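Participant:
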Amino acid sequence: EEMVEGLQVEVGARYDSGFQFALEQLKVVFPDLDESKLGELNALNKIVDGKLVPFTPDDAS
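Here the sequence shown is numbered in the working numbering, starting from 985 and rising by one per residue.
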């Protein structure tokens, strides 16, 4: 069980690291982007009706 938990944490950390790297690339390619808007982005957000909304555990079922 500890091994599974450790792997889950590792996968989550890598996923988040990849997302942060993608945000850094956006800043390089589009230097005029509003950084406060980039701050609204989150790896767990989803798009509903053209808007970003937070993921909830109910979404996974």
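Glycine residues also receive a C-beta, built at the ideal position from the N, C-alpha and C atoms.
Source: prediction; values computed, not measured.
1. Out of curiosity, what's the CA-to-CA distance linking Ile1031 and Val1037?
2. Have a look at Asp1018 and Asn1029 and give me their C-alpha separation to the nearest angstrom.
3. When the Cα atoms are used, what is the spatial distance from Leu1010 to Ser1020?
4. Just to confirm the assignment: which complete beta strand (DSSP E) runs, minimum length 3, are found wholly within the region 994 to 1038?
Facilitator: In short:
1. Here residue 1031 refers to the residue found at position 47 of the sequence shown. Here residue 1037 refers to the residue found at position 53 of the sequence shown. Computed Cα separation, rounded: 6 Å.
2. If you number the sequence shown from 1, residue 1018 lands on position 34. If you number the sequence shown from 1, residue 1029 lands on position 45. Going from the Cα of Asp1018 to the Cα of Asn1029 covers about 18 Å.
3. Translated into positions along the sequence shown, residue 1010 becomes position 26. Translated into positions along the sequence shown, residue 1020 becomes position 36. Each residue's Cα considered, the two are about 13 Å apart.
4. Counting whole runs of 3 or more residues, the region 994 to 1038 contains the beta strand (DSSP E) stretches 1030 to 1032 and 1035 to 1037.
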